[in-house]
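Each residue of the sequence shown is one higher than the one before, counting from 1 in the UniProt record's numbering. Heads up, the beta-carbon is just placed ideally off N, CA and C, and yes, glycines get one too. All figures in this text were calculated on a predicted structure; none of them were measured in a lab.
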Amino acid sequence: MSYLNIRDEKSLSTVVELNTLLANYHIYYQNLRNFHWNVLGENFFDLHNKFEELYTDARLKIDEIAERILTLRYHPMSHLKDYLNTASIKEAASKLTDKEMVKVILDNHSVLLKQMSVVIENAEKSKDEGTIDLIGAYIRELEKSSWMLDAFSKETTSQLNVSVM
């Protein structure tokens with residue numbers, strides 16, 4: 001039994017999924033850096049700043065995920081080769097339009113959110129409240145960023161769902 005009152009063997013599946021999340025976050029982070037450096041066009045200033053905000057946040061989350069794995073008494077994945085082999089998110093091209101960049105980031109968010117759900121499912125099995133709390137907060141934040149990027153990508157004539165009004 002560990003100092004967390006979680007049996008080490010029960011946390012193994014959570015750690016595997018956290019490492020997968022860590023790998024995905026590394027590729028997502030690099031995609032954001034790529035887009036920050038390479039965005040062009042009339043949305044340059046807005047997206048250049050937004051991509052920087054997102055990669056700064058991703059860098060923090062990368063560290064927190066690795067530290068959670070260490071807290072659970074395992075080593076986090078730490079080699080680029082392993083991230084590339086493990087991640088579902090793929091490296092993005094540099095020569096994309098601003099709208100294509102936003103679509104790639106939204107697709108990356110979808111992958112991250114799905115992986116976060118898998119992490120929580122595994123953490124619930126071992127009653128790992130620390131991981132559940134950490135990842136739950138990430139989900140809330142990423143959903144908000146996704147909403148904002150999705151709103152940015154819409155035409156100004158688009159409308160929200162009004163069926164409950």
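Alpha carbon of residue i to alpha carbon of residue j, nearest angstrom
i	j	result
glutamate 124	isoleucine 89	25 Å
aspartate 82	valine 16	13 Å
lysine 50	leucine 149	9 Å
histidine 26	aspartate 133	21 Å
leucine 80	valine 102	24 Å
proline 76	tryptophan 147	30 Å
leucine 72	glycine 41	45 Å
leucine 106	serine 117	17 Å
leucine 84	tyrosine 28	11 Å
alanine 151	alanine 58	21 Å
serine 78	alanine 137	24 Å
isoleucine 135	phenylalanine 44	31 Å
serine 13	leucine 142	23 Å
Residue i burial status per 10 Å Cβ neighbour count (16 or more: buried)
i	result
aspartate 128	buried
glutamine 115	buried
valine 162	exposed
methionine 1	For methionine 1, the pLDDT reaches just 40, beneath the cut-off of 50, and the residue's location in the model is therefore unreliable, although a value from the coordinates is still provided. It is exposed - the Cβ of methionine 1 has fewer than 16 other Cβ atoms within 10 Å.
lysine 154	exposed
leucine 18	buried
serine 11	buried
threonine 157	exposed
glutamine 159	exposed
asparagine 122	buried
lysine 144	exposed
histidine 109	buried
residue 204	Nothing in the structure corresponds to residue 204, since the chain is present only between 1 and 165.
alanine 92	buried
leucine 47	buried
Any non-hydrogen atom of the ligand NAP within 6 Å of residue i CB
i	result
glutamate 124	Here there are no bound small molecules, and the ligand NAP is not part of this structure.
Chain D within 7 Å of residue i, Cβ atoms only
i	result
arginine 59	The structure shown contains no chain D; it is built from a single protein chain.
Indicate whether the contact test is met: 3 or more Cβ pairs, each with one atom in the stretch 55-66 and one in the stretch 21-28, closer than 8 Å. Between the stretch 55-66 and the stretch 21-28, the count of C-beta pairs closer than 8 Å reaches three or more; the two stretches touch.
Meets three-Cβ-pair contact criterion under 8 Å: the stretch 96-111 and the stretch 27-42: Counting Cβ pairs under 8 Å, three or more are found: they touch.
Which runs of the alpha helix (DSSP H), 4 residues or longer, sit entirely within the UniProt domain "Ferritin/DPS" (17-154)? Complete alpha helix (DSSP H) runs here, min 4: 44-71, 80-86, 98-125, 129-153.
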